[in-house]
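Take a look at the structure set out below.
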Amino acid sequence: MKKYTDNSWDFKTADTKVFTHCFHNYPAMMIPQIAGRLIDRLGKKNDVLFDPYCGTGTSVVEANLRGISGIATDINPLARLITKAKSTVIPLQVLDFYLKDFNDFIFHFKFGLKNCKVEEPNFPNIDFWFTPQVKQHLARIKNYIDKIEDENVVAFFKVAFSETIRESSLTKNSEFKLVRMKDEQLRKFSPDVFAIFERKIFRNRNGLKNFIEQVKAHKKNQICDFDTINEIPKKIIKEESIDLIVTSPPYGDSRTTVAYGQFSRLSNQWLGLEYASQVDNNLMGGRRAKSYEKFGVKELDKQIEKIGNKDEKRALDVISFYHDYKISISNVAKTIKPGGSIAYVVGNRRVKDEELPTDITTAKFFEQHNFRHIETIIRNIPSKRMPKENSPTNVTGAKNTTMNCEYIVVLKK
Ligand SMILES: C[S@@+](CC[C@H](N)C(=O)[O-])C[C@H]1O[C@@H](n2cnc3c(N)ncnc32)[C@H](O)[C@@H]1O
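By the count of the numbering used here, the sequence shown reaches residue 414 at its end, each step adding exactly one.
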């Protein structure tokens, strides 16, 4: 298997917030320069790119900048919203009309000219995460957004709103998981919700302007809601219709790796996006397997056996992830045209001190569907917000270094 380290993929000093990539933070985002370089290598104009686990749509944006249209899915509704906003062209005159109107709305509110009470949402624990004043101000913005008719402008505003929710909530912003601030911090915390929101919309407007000036895709993107673990709907993606996949799947189940659902929960709840509290259970590996399974990849099966000898439950967590991952790959593989390429950017996490060979497993799972492994490039992760240390044994204080590098696995059908 051709596998080598190449530091030119580290992009240590690259600006990762160019174009609409500045829109919304998210756990384990792909660096746009990686997506862009892979598309330059593997794709060509007028191709169609599919991202089966799109997160914030990094690949779709980079594809559009190169004249390639995108089809994307993610089972986290917040991720789909961000992808849509980042990859939708809105004429700037239209957007500026709404931005000015919003500015007037805030002016009227601040000077007491429009002060009728707005209804606040009511979801479990809302008062645990938001002070009464923040809640009322967020509700005003939400109420404003709900009256916008243009659905693209709505998505643009909602994405800025989602980040405002997080920043004005009582969560520790340095964590992806939902953790409440310490009392001392709580006492000093008095965010200006409108100022935060305005900062976001103006930053995002600049990102969108730069995107519009460069974008070359002529066909509309399709941001869809299907789970790749189930069959991929043929009316959305026909078999053998996709030229290229550039994606980064989850590293493992969301209970013990990255909790995408927890990160997104408050936004999903405020925005009324469906199954807000269920996202983590629905993600790949979200439901613990009940029995052992072999995957036909000896490197993986051996590691799972070793984990099982130390802790059976953890082995079942690992199995549940690879079980779903295998099905997902077999569904995704069908969508690719003969001659088409896939690039999966993956991490080899450690569980119970054992490294799980997701790079090899990804290649082997695709090889079971008539793909040929081209290469695996190893890159260092310089700045990704990922836990560089985890507790290998779940013993408090016991830490182990994990995932300082990523693997870019490239195959061709
Ligand atoms: C590593 S993130 C993708 C990050 C993305 N490349 C970006 O730049 O933002 C993995 C994504 O996979 C999604 N995911 C997990 N299980 C999924 C499934 N069964 N089907 C589709 N998406 C899934 C998660 O919600 C998460 O957004």
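Every residue gets a Cβ at the ideal spot worked out from N, C-alpha and C, and that includes glycine.
Contact belief for residue i with residue j at Cβ below 8 angstroms, rounded distance in angstroms
i, j, result
"Asn283", "Ile83", "The pair is not a contact, with the Cβ atoms about 18 angstroms apart (cut-off 8 angstroms)."
"Ala159", "Ile146", "Before going on, a small fix: residue 159 reads as Lys here, not Ala. The pair is a contact, with the Cβ atoms about 6 angstroms apart (cut-off 8 angstroms)."
"Leu272", "Thr21", "Going by Cβ atoms, the distance from Leu272 to Thr21 rounds to 19 angstroms, so no, they are not a contact pair."
"Ser249", "Tyr54", "7 angstroms"
"Leu100", "Ile166", "About 19 angstroms; that fails the 8 angstroms criterion."
"Asp318", "Thr257", "6 angstroms"
"Met404", "Ile379", "Rounded, the Cβ-Cβ distance is 12 angstroms, inconsistent with contact."
"Val62", "Val154", "The Cβ separation is near 18 angstroms, so there is no contact."
"Val298", "Lys365", "4 angstroms"
"Lys87", "Phe24", "5 angstroms"
"Ile40", "Thr17", "That pair is no contact at about 16 angstroms."
"Gly68", "Lys217", "4 angstroms"
"Asp325", "Met285", "4 angstroms"
"Asn26", "Glu199", "In fact, because the Cβ distance is near 18 angstroms, the residues do not count as touching under 8 angstroms."
"Ile328", "Ile213", "Not confirmed; about 38 angstroms, so no contact."
"Asp281", "Gly262", "3 angstroms"
Segment limits, beta strand (DSSP E) that includes residue i
i, result
"Gly309", "Per DSSP, Gly309 belongs to no beta strand (DSSP E); it is in the alpha helix (DSSP H), 299-311."
"Glu407", "406-413"
"Phe12", "Phe12 -> no beta strand (DSSP E), and no H or E assigned at all."
"Ser422", "This structure does not reach residue 422, given that the chain is present from 2 up to 414, and the question cannot be answered."
"Arg350", "Element bounds for Arg350: n/a, residue is neither H nor E."
"Tyr5", "4-6"
"Phe51", "49-52"
"Glu376", "373-381"
Other residues of its chain near residue i: CB distance less than 8 angstroms, five sequence neighbours each side excluded
i, result
"Ser169", "Phe131, Val135, His138, Leu139, Pro192, Val194, Ile197"
"Arg141", "Phe110, Val119"
"Asn144", "Val119, Glu120"
Element boundaries [alpha helix (DSSP H), containing residue i]
i, result
"Phe203", "194-215"
"Arg38", "33-43"
"Val180", "Unbroken run through Val180: none, as it is neither H nor E."
"Asn222", "Careful: Asn222 lies outside any alpha helix (DSSP H) and carries neither H nor E."
"Asp1", "A query on residue 1 cannot be resolved here, the shown segment of the chain reaching from 2 to 414 and no further."
"Ser60", "59-66"
Chain D within 8 angstroms of residue i, Cβ atoms only
i, result
"Asp105", "The chain inventory of the structure shown lacks chain D, comprising one protein chain alone."
Residues near residue i in its chain [Cβ-Cβ closer than 7 angstroms; skip 5 each side]
i, result
"Thr397", "Because Thr397 carries a pLDDT of 37, less than 50, the predicted location of this residue cannot be relied on, and no value is offered for it."
"Val259", "Pro28, Ala29, Phe177, Pro251, Tyr252"
"Ile238", "Phe51, Ile72, Thr336"
"Thr89", "Asn153, Ala156"
"Pro78", "Asn269, Leu274, Glu275"
"Phe322", "Gly253, Asp254, Met285, Gly286"
"Ser278", "Arg266"
"Arg204", "Cys23"
"Arg206", "Leu96, Leu100"
Cβ neighbours of residue i in the same chain (closer than 6 angstroms, five flanking residues each side left out)
i, result
"Val411", "Ala344, Ile375, Glu376"
"Ile320", "Ala290, Glu294"
"Lys385", "Only weak support is given to the placement of Lys385: the predicted model assigns it a pLDDT of 48, under 50, and the value that follows is read from those uncertain coordinates. The answer is none, since no qualifying residue turns up."
"Ser342", "Leu43, Leu245, Lys413"
"Glu407", "Val346, Gly348, Arg380, Ile382"
"Pro388", "Its pLDDT being 48, under 50, Pro388 is placed unreliably by the model, and the measurement read from it follows with that caveat. Correct list: empty, nothing qualifies."
"Lys45", "none"
"Asp7", "Ile378"
- Hey, which unbroken runs of the alpha helix (DSSP H) at 4 residues or more fall wholly within the stretch 114-173? List check, alpha helix (DSSP H) in window: 127-130, 133-147, 152-169.
- Hey, which unbroken runs of the beta strand (DSSP E) at 3 residues or more fall wholly within the stretch 69-121? 70-74
- Please confirm if the stretch 368-382 is in contact with the stretch 318-334, defined as three or more CB-CB distances below 8 angstroms between the two stretches. yes
- Could you tell me which uninterrupted beta strand (DSSP E) segments, each at least 3 residues in length, are contained entirely in the stretch 239-323, listed from first to last along the chain? 243-248
- Count the CB pairs spanning the stretch 5-12 and the stretch 181-188 that are closer than 8 angstroms, and state whether there are at least three. no
- Item | Meets three-Cβ-pair contact criterion under 8 angstroms: the stretch 350-359 and the stretch 305-325 | yes
- Message: Does the stretch 229-247 come into contact with the stretch 42-49, if we say contact requires no fewer than three beta-carbon pairs (one atom in each stretch) closer than 8 angstroms?
- Response: In this structure the stretch 229-247 lies against the stretch 42-49, because at least three pairs of beta carbons, one per stretch, are closer than 8 angstroms.
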